[in-house]
Amino acid sequence: MFILTVIKLLLIALNIFPSRFTNRRIMFLIYMTNLVTHVMMDEPRFAQPIPNVTVAVGRDANLPCVVEHLGGYKVAWIHIDRQMILTIHRHVISRIPRYSITYTDNTWLLHVNQAHQDDRGYYMCQVNTNPMISQVGYLQVVVPPNILDIESTPSSVAVRENQNINMTCRADGFPAPKIIWRREDGEEITVEKKKKVLVYDADVLPLTKVSRNEMGAYLCIATNGVPPSVSKRIILDVEFSPMIWVPNQLVGAPSGTDVTIDCHTEAHPKAIIYWVYNSVMVLPSKKYKTDYTENSYRAHMKLTIRNLQYGDFGNYRCISKNSLGETEGSIRVYEIPLPSTPSKQVTHTTVESRENNIIPSSRNDTTKSLQTDVGYAMKNDLYPGSASSSSSGGSSSAASSSTSMQTSALPGGVAGNSLSSMGSKGSLAIGKSTFYTERPPNEYASSSVAGLLLHRALLFGSGIYLILL
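Start counting the sequence shown at 96; every next residue gets the next number (the numbering used here).
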């Protein structure tokens, strides 16, 4: 702009002077050319623009201003947003000690140490020529995300099952952070009743009719492209009263052996679980061994009874209680008589005879005798009130004993009625007991079926084969 002004002046001067003064005209042109050359060589000018600089808060930033042919002029730095003069030439004017200035090879470098968010904005490099020349650069101060605990859900929160809850996560930073939610265990999050997602984008995570399966740790993650990203771990506790599932309500074993019974329970807050027999709490001893396995809100409790004796048979109760309620399950342990030695010999003979298509002549008498002994023993042990005072009675007594073994050997009286739990085909109806509050999980179903098959095998294993023969 200045050069154009000088050229215009030269043209005007050439038009003013008369044409007859040729020498003077030439001398003036030489003078003006030298003047313009001198001005162009010595006038300050900016060699390059000030770059825009981005720096994380707390880090150092440098803004360069390159001025050529400064001569006796001076350079000043000004923070436009604050309307504050920072430096003039080599002197720092600002009272903020984080600002400093250095000069090297025509470059005036403004240093901003440990940049604050207030340092963000436009900076002007100015030379005090007439007229003044200047250029502007921008300092961007970015801030990594920071979660605001005071505005967010606490690190642990509890809610009753089937109620609603909104979990909140607030964060600040520059640029404004983005909030995402995910479960720590990688499971899906149920939102909007039926929608399931692995990641949910929002400051507020709404959970409707919370179930115990949604219990666990949730991660609130804040990101804005400025490392590092931050997260908050929120534990969601879903509270509900205890529930118990009993895989096998009837367990049979011979005297002198060990038997193990078990219960599965779910509860939160954590429940107190224990066993009771004859209204007395069962404690670990040489007689009893207790084992408890816990996983989150689930627990598996086992009781092993060693060296079963007459006084060990009966009802055992597994009890679970917490601050919201109490429930219990019942398991009946009954005795299975061991077959006598002749019974084993007869059974062995019967099996060999059947394999060879040979029926021994003494089979009927021996079978009836065995049916009478086993049936009477099981009936007398399980239902002593209905047992006869005499064990002998001939063939008619053997037949009645056989019938007694097929009916009384099944402890149908567990539910209160001696045969009310048996179907028309004579199978024991073992179903859910009254202390079940809902359907047991799938993982317990297989153990229930296995328990029922084992129970039937133990009941009929000692004598039913001979009856079928």
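All C-beta atoms, glycine included, are put in the ideal place defined by N, C-alpha and C.
Here A271 is exposed, its C-beta having fewer than 16 other C-beta atoms within 10 Å. With contact defined as three or more Cβ pairs closer than 8 Å, the stretch 198 to 209 and the stretch 150 to 160 are in contact.
With the rule of 3 Cβ pairs closer than 8 Å, the stretch 317 to 334 does not count as touching the stretch 280 to 289.
Distance from the CA of Y233 to the CA of P226, rounded to the nearest whole angstrom, comes to 24 Å. Spatial neighbours of D137 in its own chain (CB-CB distance under 8 Å, excluding positions within 5 residues in sequence) are listed in chain order as H164, G166. Taking every protein chain shown into account, the CB of H186 has fewer than 16 other CB atoms within 10 angstroms, so this residue is exposed. Note that the C-beta distance between Q344 and R427 is below 9 Å. By the Cβ criterion, the stretch 352 to 370 is in contact with the stretch 415 to 432, since at least three pairs of Cβ atoms, one from each stretch, lie closer than 8 Å. About 11 Å separates the beta carbons of T182 and I191, which is beyond the 8 Å limit, so they are not a contact pair. Residue pairing by DSSP places Y198 opposite W203 in a beta bridge.
Rounded to whole angstroms, the Cβ separation of I180 and S251 is 53 Å, and the two are not in contact under 8 Å.
Inclusion of E334 and L419 in the CB contact set at 9 Å is warranted, their separation being smaller than that value. Counting of Cβ neighbours within 10 angstroms places M376 among the exposed residues, the total staying below 16. For D357, the uninterrupted beta strand (DSSP E) segment begins and ends at 354 to 363.
Annotated three-state conformation of R307 is helix, per DSSP. Within the DSSP bridge table, the entry for F335 names H363 as partners.
E287 carries a coil assignment under DSSP once its states are collapsed to helix, strand and coil. Straight-line measurement puts the Cα of L243 at about 44 Å from the Cα of W340. Cβ atoms of V170 and V231 stay farther apart than 8 Å, at about 14 Å.
Just so you know, the alpha carbons of T248 and R215 end up roughly 32 Å apart. Between P301 and the set V346, V325, A317, V254, the nearest pair of CA atoms involves V254. For A366, the number of other beta carbons within 10 angstroms of its own is at least 16, and it is reported as buried. Within its own chain, the residues whose Cβ lies closer than 8 Å to the Cβ of N402, once the five positions on either side in sequence are excluded, are G351, T352, D353, K382, listed in chain order.
Note: H174 is bridge-paired with M179, Y218 in the DSSP secondary-structure output. Within a 10 Å sphere around the beta-carbon of E430 sit 16 or more other beta-carbons, which makes this residue buried. Taking a contact as a CB-CB distance under 8 Å, the pair P240 and V325 counts as one, their CB atoms being some 5 Å apart. For I400, the uninterrupted beta strand (DSSP E) run begins and ends at 393 to 400, by DSSP. Selection I145, D332, K397, N147 evaluated against I260 yields D332 as nearest (Cα-Cα). Following the DSSP letters along the chain, one finds F269 inside the beta strand (DSSP E) bounded by residues 266 to 269.
In the structure shown, I368 adopts extended strand secondary structure according to DSSP, grouped into three states. For N417, the enclosing beta strand (DSSP E) has its first and last residue at 409 to 417.
Residues I356, W370, Y372, L398, I426, V428 of the same chain have their beta carbon placed closer than 7 Å to that of Y411, with the five preceding and five following residues left out of the count.
Cβ neighbours of H395 within its own chain (closer than 6 Å, five residues either side excluded): H359, T388. Assigned with DSSP and collapsed to three states, G406 falls in helix. Residue pairing from DSSP places A151 in a beta bridge opposite V237. Within 10 angstroms of the beta-carbon of A142 lie fewer than 16 other beta-carbons, which makes it exposed.
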